[in-house]
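2 protein chains.
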Amino acid sequence: MRINGKPGNLISATDRGFQYGDGLFETLAVVGGEPCLWAAHMERLETGCRRLGISMPDRDGLLREARQEIGGEQHGVLKILVSRGAGGRGYRPPRRGTPTRIVSLFPWPDYPQQWSDPGIRLRVCRTRLGTTPALAGLKHLNRLEQVLARAEWDDPSIAEGLMLDTADRVIEGTMANLFALREGRLYTPALQRCGVAGVLRALVMEVAAAQGLAVLEQDLEMADLLHSDALFLTNSLIGVWPVRQMEDRHFNPRLQPRTLWREIRGRAFAGMNTRN
Amino acid sequence: MRINGKPGNLISATDRGFQYGDGLFETLAVVGGEPCLWAAHMERLETGCRRLGISMPDRDGLLREARQEIGGEQHGVLKILVSRGAGGRGYRPPRRGTPTRIVSLFPWPDYPQQWSDPGIRLRVCRTRLGTTPALAGLKHLNRLEQVLARAEWDDPSIAEGLMLDTADRVIEGTMANLFALREGRLYTPALQRCGVAGVLRALVMEVAAAQGLAVLEQDLEMADLLHSDALFLTNSLIGVWPVRQMEDRHFNPRLQPRTLWREIRGRAFAGMNTRN
Numbered sequence: 072m073r074i075n076g077k078p079g080n081l082i083s084a085t086d087r088g089f090q091y092g093d094g095l096f097e098t099l100a101v102v103g104g105e106p107c108l109w110a111a112h113m114e115r116l117e118t119g120c121r122r123l124g125i126s127m128p129d130r131d132g133l134l135r136e137a138r139q140e141i142g143g144e145q146h147g148v149l150k151i152l153v154s155r156g157a158g159g160r161g162y163r164p165p166r167r168g169t170p171t172r173i174v175s176l177f178p179w180p181d182y183p184q185q186w187s188d189p190g191i192r193l194r195v196c197r198t199r200l201g202t203t204p205a206l207a208g209l210k211h212l213n214r215l216e217q218v219l220a221r222a223e224w225d226d227p228s229i230a231e232g233l234m235l236d237t238a239d240r241v242i243e244g245t246m247a248n249l250f251a252l253r254e255g256r257l258y259t260p261a262l263q264r265c266g267v268a269g270v271l272r273a274l275v276m277e278v279a280a281a282q283g284l285a286v287l288e289q290d291l292e293m294a295d296l297l298h299s300d301a302l303f304l305t306n307s308l309i310g311v312w313p314v315r316q317m318e319d320r321h322f323n324p325r326l327q328p329r330t331l332w333r334e335i336r337g338r339a340f341a342g343m344n345t346r347n
Numbered sequence: 072m073r074i075n076g077k078p079g080n081l082i083s084a085t086d087r088g089f090q091y092g093d094g095l096f097e098t099l100a101v102v103g104g105e106p107c108l109w110a111a112h113m114e115r116l117e118t119g120c121r122r123l124g125i126s127m128p129d130r131d132g133l134l135r136e137a138r139q140e141i142g143g144e145q146h147g148v149l150k151i152l153v154s155r156g157a158g159g160r161g162y163r164p165p166r167r168g169t170p171t172r173i174v175s176l177f178p179w180p181d182y183p184q185q186w187s188d189p190g191i192r193l194r195v196c197r198t199r200l201g202t203t204p205a206l207a208g209l210k211h212l213n214r215l216e217q218v219l220a221r222a223e224w225d226d227p228s229i230a231e232g233l234m235l236d237t238a239d240r241v242i243e244g245t246m247a248n249l250f251a252l253r254e255g256r257l258y259t260p261a262l263q264r265c266g267v268a269g270v271l272r273a274l275v276m277e278v279a280a281a282q283g284l285a286v287l288e289q290d291l292e293m294a295d296l297l298h299s300d301a302l303f304l305t306n307s308l309i310g311v312w313p314v315r316q317m318e319d320r321h322f323n324p325r326l327q328p329r330t331l332w333r334e335i336r337g338r339a340f341a342g343m344n345t346r347n
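Protein chains in written order, with the numbering used here: chain A, 72 to 347; chain B, 72 to 347.
This is the structure we're talking about:
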């Protein structure tokens, strides 16, 4: 772990990330010793910093620190966290704070191979997402809703939980975005009220469009999912997980858009290259 | 500052309080060298710990640490923070985590005397509160909405900002609860969808009832406030702040419930005694 560029694992307890969740993070796959989709993650981090009024750390410096942290590891998870930094008591952000940046490497998660094919079991969480437009789309550090939702189940055969907002709109998984395929069109929940706008989600939309598959961002309800031909989840570590079963509803694996998956997985786990 | 009972100011960057805002806090007035409303703050902390599934620290131990931290100071602000403690990557809370507890003393805030009488100027914030019943009422560490709301104004003559939820219900200030007096009845926003259930808020409800003043917890809108005779804000540090002016609406200071204030302030700043 590197804190503001230096090896270490301690931060000030006055850090506003700790006191108020006042910050953002990115989670990247490391493949072949290189972070994947670097530019897209940096774009999102910069957008988040701009929306929260936090100074974006220098990208080249972050990449240098990421490579130092990765060292000789070929495969892993790189987490980059940026908080508003240390501050006094009170919600008001300091005018000229010095952000804290933390770059750390974790082992690759041991997800069962069958979660990628034929797919996962998905449950529906009781914990709802609140609707806060000012925070919608951001991967910020206020994650208690996800913590409570993820604490709802212990069954290791269930890979993910689906979260709805307080108006019964389907939004996302606890850690992944959702897509639904129906009659040749791809749907994904609109995220202007809540939810995290995933880097993989944007990639799916780009790749699907390039493959001639229309993608619609709109409000979706449970009935829309139940009447879909296929569902799948995406994030930077899982790539694509088809949904084999959601509660009692089983999905036909042959209706999954396999051509789309292949390209998404190829692009998601390509490591650094000239394109990203 | 004391971290798990020992003087220090550094925590692990893997603390879930930092990674996810996975924790709670209390802010207490220190008067005459003693924390005020101790029992009520401990009750709320324990309720929060139970709802989040965090082990409540031992109360006597916390009081011992609070007194060590206060030392010889007569007047100040005591902040007690309890997080779920260190953990790995991922939202899922560990089954048997060891919570982190932080006890720290801050200087008494230098609020102008006239904010207590005749009262404050209150603005209305653009940032809205999301509605998350699972978190409603708790003083948890997910405070980005308050941070963004408090960043909306710089004018030092405005003491506080009023926050509405996404359905236009009035909820609270960025750091204080709200009461409205109308035709001899006291109203305060219901907090089952969002908001922090303040220790002072509960005290006001108790004292008002004892004084024969009916208190109604219900949904309120801006129109209800504009048609009120008096508004006031409460928290453990400010005690009571009457609202002199909210945006363009001026309130007649003679309509404020001064008998109620006096008793609330007396009880709020009494220090430790047999009653609390």
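Backbone N, C-alpha and C fix where the C-beta goes; we use that ideal spot for every residue, glycine too. As the structure is a computational prediction, the values presented were derived from the model and not from experiment.
query, result
"Return the residue from the list Ala157/B, Val195/B, Ile151/B, Gln145/B that minimises the CA-CA distance to Pro178/B.", "Gln145/B"
"For Gly124/B, which residues in chain A fall below 7 angstroms Cβ to Cβ?", "Ala222"
"Sort Gly76/A, Gly147/A, Leu274/A by Cα distance to Ala339/A and report the nearest one.", "Leu274/A"
"Take Ala280/B as the anchor and find which of Phe303/B, Gly147/B, Glu334/B has the nearest alpha-carbon.", "Glu334/B"
"With respect to the alpha helix (DSSP H) encompassing Gln139/B, which residues constitute its N-terminal and C-terminal limits?", "130 to 141"
"What in chain A is Cβ-close to Leu183/B, meaning under 8 angstroms?", "One point to set straight first is that residue 183/B is Pro, not Leu, in the sequence displayed. Result: empty, since nearest Cβ-Cβ is about 16 angstroms, beyond 8 angstroms."
"What is the C-beta distance between Leu212/A and Gly92/B, in whole angstroms, given that I count them as a contact (C-beta under 8 angstroms)?", "6 angstroms"
"Any beta carbon of chain B sitting closer than 8 angstroms to that of Gly265/A?", "As written in the sequence, residue 265/A is Cys, which differs from the Gly given in the question. Closer than 8 angstroms: yes."
"Is the shortest distance between the beta-carbon of Val148/A and the beta-carbons of chain B less than 8 angstroms?", "yes"
"Express the C-alpha separation of Val270/A and Pro189/B in angstroms, rounding to a whole number.", "52 angstroms"
"Using a Cβ-Cβ cutoff of 9 angstroms, what residues of the segment 190 to 204 of chain B are near chain A? List them in chain order.", "Arg197, Thr198, Arg199, Leu200, Gly201, Thr202, Thr203, Pro204"
"Against chain B, with Cβ distances strictly below 8 angstroms, would Arg121/A count as a contact?", "no"
"Pull out every residue of the segment 275 to 302 of chain B whose Cβ sits closer than 9 angstroms to any Cβ of chain A, in chain order.", "none"
"Look at the alpha carbon of Gly156/A and the alpha carbon of Arg138/A, and state the distance between them as a whole number of angstroms.", "23 angstroms"
"By the three-class DSSP mapping on this structure, what secondary structure does Arg172/B have?", "strand"
"Could you tell me which residues DSSP puts in a beta bridge with Asn80/B?", "BP columns for Asn80/B are empty, so no partner."
"Using beta carbons (cut-off 8 angstroms, strictly below), is His321/A in contact with chain B?", "no"
"Run through the DSSP bridge pairs and tell me what Leu193/A is partnered with.", "Glu231/A, Met317/A"
"Just checking: is the beta-carbon of Gln316/A within a distance shorter than 8 angstroms of some beta-carbon in chain B?", "no"
"Determine the DSSP secondary structure at Asp295/A, reduced to helix, strand or coil.", "helix"
"Quick one: measure Cβ to Cβ for Asp300/B and Ala261/B, integer angstroms, because I've assumed they're closer than 8 angstroms.", "No, Asp300/B and Ala261/B are not in contact; Cβ-Cβ is about 20 angstroms, not under 8 angstroms."
"Considering only the beta carbon of each residue, do Leu233/A and Val241/A sit closer than 8 angstroms?", "yes"
"Smallest Cα separation from Leu149/B: which of Trp186/B, Glu277/B, Ile125/B, Cys107/B?", "Cys107/B"
"If you draw a straight line from the C-alpha of Phe96/B to the C-alpha of Glu216/B, how long is it?", "16 angstroms"
"Could you tell me which of Ala285/A, Arg320/A, Ile229/A sits nearest to Leu302/A, measuring between CA atoms?", "Arg320/A"
"Taking the straight line between their C-alpha atoms, what separation do you get for Met276/A and Trp186/A?", "22 angstroms"
"Name the chain B residues that come within less than 7 angstroms of Met72/A, Cβ to Cβ?", "Ala84"
"Pull the bridge partners of Thr305/A from the DSSP assignment, please.", "Asn248/A, Val311/A"
"Can you name the start and end residues of the beta strand (DSSP E) that Tyr258/B belongs to?", "256 to 260"
"Flag this pair as touching only if the segment 160 to 173 of chain B and the segment 196 to 210 of chain B have three or more C-beta atom pairs under 8 angstroms; answer yes or no.", "no"
"Are any of the Cβ atoms in chain A nearer than 8 angstroms to that of Met127/B?", "no"
"Can you confirm whether Leu81/A, when its beta carbon is compared against all beta carbons of chain B, has any partner nearer than 8 angstroms?", "yes"
"Looking at C-alpha atoms only, which residue of Ile309/B, Leu304/B, Arg325/B is the closest neighbour of Met317/B?", "Leu304/B"
"For the beta strand (DSSP E) containing Glu97/A, list its first residue and its last residue.", "94 to 102"
"In whole angstroms, what is the alpha-carbon distance linking Thr345/B and Ser175/B?", "Only weak support is given to the placement of Thr345/B: the predicted model assigns it a pLDDT of 40, under 50, and the question is left unresolved by the model."
"Between Thr345/B and chain A, is any beta-carbon pair separated by less than 8 angstroms?", "A caution first: Thr345/B carries a pLDDT of 40, below 50, which makes its placement in the model unreliable, though a value can still be read off. Closer than 8 angstroms: no."
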